[in-house]
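Taking it in order: structure first as structure tokens, then the write-up.
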Amino acid sequence: MSHPDERVRGLVGDDDGVSSTTADAPATSGTARDHRGTALAAATVVGVAVCAAVATVLVLADVGVYARSGLPTPPSDVRVLGPVLRVVAGLSAALTAGSLLYAAFLAPARSSGTVGPDGYRALRRTAVSAGVAGVAALLAAWTTTADMTGSPFSRPGVNGPIGWLGAAATLEEPMGWLLGGLLMLVVAAGCAWFLSWRAAGVLGVLTLVAAVLPAAVSPAATGAGHDWSSDGSILRTVGGLVWLGTVAALTAQRLHGGEVTTTTLRRVRGLLLASGVVFLVGELLFQIVVVGPGSLTGTPYGRLLLAEIPLVVLLGIGTALLVRRGSTRPGLPVALVAGGALVATLLVAQGHSVPPRFLVRADSSYETLIGWNIERPFGAVAALVDWRFNVLFGTGAILAAALYLYGVRRLAARGIAWAPGRTAAWLAGCAVVLLATSSGLGFYAPAMFSVHMISHMALNMLGPILLCMGGPVTLALRVLPAAGRNQPPGPREWLLAAVHSGPAKVLTNPGVAAVLFVGSFYVLYFTPLFGEALRFHWAHQLMYLHFLAVGYLFFWPLIGVDTAPNRLPHLGRLAVLLATMPFHAFFGIAVMSSDTVIGQNFYRDVGLPWVSSLLADQSVGGGIAWATGELPMLLVVIALIVQWSREDTRAAVRSDRQADRDGDADLKAYNEMLAQLRSGR
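Basically the numbering used here = 1-based index in the sequence shown + 1315.
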């Protein structure tokens, strides 16, 4: 295989016939672009260094933070390197995300599927920034371990690197930095090798995951309300990364002398608006939980937050001006990049301080373990009244329903009919997701195995069945316009690329999907995995996502309205479904008859007074898994048989119409063949 630079010989400077509608984009020679690129890189390094210095000063100014948090004070080298590495890792990750987003979604692409000149330059920048982010994150894992254990930078654990790995494995935050750093190094290698816009998009998703890993396990996301603060931390990280990265990529494009098409500018405005809203929602949610009733002016954390607020307001005004005016001149984007980097610096400093809420109140055992207090036994009234809104899945369900209805309305405006049954199925599926994660089911699921199993069955079976019957891919393809020739790939192109990708073909293979669907029950509940996952909110969210995704992948090729990459004939689909049903029943029976309590240590620590026997509650959960699992399967069998019958009826109608048009030529030819066979005897 040839090296990427050989495969793109002549790519930069050769636009492959790409034409763009631009705003005052003068032609720039290769030498001038090289000089601008060097100057831009130097300015980036200086800016990151300034932010790192500011973060270090702010962190060192809080001399009593370790006494307030009850941790041993580490040496000064750890206190200095910690904020420096986090600033470098965070800003480099933002530059990486923005450049990948630009290459995958904003820069004109070639018809061959490779990126164009602008996308190639973005990938070259990304290979460097991702490598820097990866190395900085790995070193941040090292310093975070030293910071939490009060050890020097040279030995953040016992017995050198081996001891450090052992210490990091028991601490969430260092492990988050470690895994995030490894992912960023994978992204750096991918950016140096792959040249397609599809690969750029996948690497962009990996970048967001790498940035979310340490954010999801932030020490501030503990105690009362840690479900909301953890989700808020994830939202503000994703929103902030996309916002800052998009502005930085736009600034780099303009300062480099590149063109900005009207399509690119329109998408930039949409991304800035959406990511800005996501950041604000996540930041508000996080700060409301961790600040609580504590004093703002009387604590170092509060003063840092007070310094952040006016900056965020100014950035919001600047974003509104950029979105409204649509100017491609670099002045305003440069100011936004500087302001965004300063906000990121303040957030790093806040991460090294103690939020006011932790100084004024003690959490109950319920709040420490699950995030909120439970005051009455689970029942019908509690299920209806005791809601705990799941920020990620509750919001996702509402947005999914709203976008679907918007698509149906768009079709209706064009005079295109859409089956009401599909709309009803999709809305019902969204309602199932909302109820399973945010109603009384979501409220009691973390504390009771039986209620958890209700949520599991709803997300793994009932919800995916209804969502598959809604046909979201078909609806989206009818609504979304196709991108023009040599234009940046749009949502339609990305949807088609995802549906027809290699991973989609593998995951929707009936055998693979069935193993994932059935095997996840046994792997999760009959290993220590479930007991460990119960203690972390991010692990609960991953379980919910896994249940929903695996269920959708299983039922999509079986009864889904959308055409799946691997779809068997109806008889084959029925065979797959019938083959999986016994394994599901065996799981429910095994849970009911087990003498070992699943997740015993956690449920014992929760200690709900009305759950007198954990084993009895588990037996109820097993019965729920058995009963509620078989009923949806029977509904799927019925739906599959109905679909089979309808398809046969449609085929017969098509055959009759064809016979009317050609005088039943096929039947005549068949009879003539039989006559020839008889005459030849």
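Using N, Cα and C, we set each Cβ at its ideal position, and we do this for glycine too.
Only a predicted model underlies this, so the values are computations on that prediction, with no experimental measurement involved.
DSSP, reduced to helix, strand and coil, places A1536 outside both helices and strands of the structure shown, so it counts as coil. Residue environment for V1865: buried (at least 16 other C-beta atoms within 10 angstroms of its C-beta). Nearest in C-alpha terms to V1517, of all of A1812, L1588, R1436, S1908, is A1812.
With distances taken between CA atoms, S1934 lies nearest to D1910 out of I1632, T1842, D1910. Spatial neighbours of A1526 in its own chain (CB-CB distance under 6 Å, excluding positions within 5 residues in sequence) are listed in chain order as A1408, T1552, L1556. In this structure, A1940 lies near G1903, with their beta-carbon atoms less than 9 Å apart. Secondary structure note for S1680: its alpha helix (DSSP H) is the uninterrupted segment 1680 to 1684. Only residues of its own chain outside the window of five on either side were considered, and among them P1389, V1393, G1397 have a CB closer than 7 Å to the CB of D1462, listed in chain order.
Between L1868 and A1828, the beta carbon gap of about 5 Å places them in contact (Cβ cut-off 8 Å).
Looking from the CA of G1846, the closest CA among G1449, V1363, M1763 belongs to M1763. For M1772, the enclosing alpha helix (DSSP H) has its first and last residue at 1764 to 1772. According to the DSSP assignment, Q1856 belongs to the alpha helix (DSSP H) that extends over 1852 to 1874.
With respect to the 9 Å criterion, L1620 and L1611 are classified as neighbours on the basis of their beta carbons. DSSP places A1813 inside the alpha helix (DSSP H), whose first and last residues are 1806 to 1814.
For L1400, the CB contacts under 7 Å within the same chain, skipping 5 residues up- and downstream, are A1451, L1454, A1455, T1458 in chain order. Going by DSSP, D1546 is part of the alpha helix (DSSP H) stretching over 1541 to 1570. For the set L1406, P1924, S1835, the Cα lying nearest the Cα of V1658 is the one of L1406.
Between the alpha carbons of L1674 and A1622 lies a distance of about 20 Å. The alpha carbon of L1949 has as its nearest neighbour, out of T1878, I1874, V1926, L1883, the alpha carbon of I1874. Following the DSSP letters along the chain, one finds F1917 inside the alpha helix (DSSP H) bounded by residues 1915 to 1921. By a beta-carbon distance limit of 8 Å, S1753 contacts F1704. Their separation comes to about 5 Å. Cα atoms of G1617 and F1594: separation of roughly 19 Å, rounded to the nearest angstrom. Beyond the five residues adjoining it in sequence on each side, L1795 comes within less than 6 Å, by CB distance, of P1806, R1807 in the same chain, given in chain order. In the three-state DSSP reduction, T1458 falls in the helix class (H, G or I). By alpha-carbon distance to A1905, the top candidate from V1876, G1922, G1936, I1953 is G1936. Within the same chain, L1889, L1892, L1893 come within 8 Å of V1952 by CB-CB distance, once the 5 residues on both sides are set aside. For M1858, same chain residues with a beta-carbon under 7 Å away, outside a window of 5 residues either side, are A1848 in chain order.
Residues of the same chain with a CB within less than 6 Å of the CB of A1954, apart from the 5 flanking positions on each side, are I1874 in chain order. Just so you know, the alpha carbons of R1729 and L1883 end up roughly 34 Å apart. Relative to S1908, the option among V1723, A1931, A1739, L1749 whose CA is nearest is A1931. Under the DSSP assignment, M1784 falls outside any alpha helix (DSSP H); it carries neither an H nor an E label.
Here the C-alpha atom of A1418 lies approximately 46 Å from the C-alpha atom of D1701. In the structure shown, V1430 adopts extended strand secondary structure according to DSSP, grouped into three states. Here A1448 has A1404, S1407, A1408, T1411, M1499 as same chain residues with Cβ atoms under 7 Å from its own Cβ, once five neighbours each way along the sequence are excluded. Rounded to the nearest angstrom, the gap between the Cα atoms of W1687 and G1540 is 6 Å. Counting other Cβ atoms within 10 Å of its Cβ, G1413 reaches 16 or more and is therefore classed as buried.
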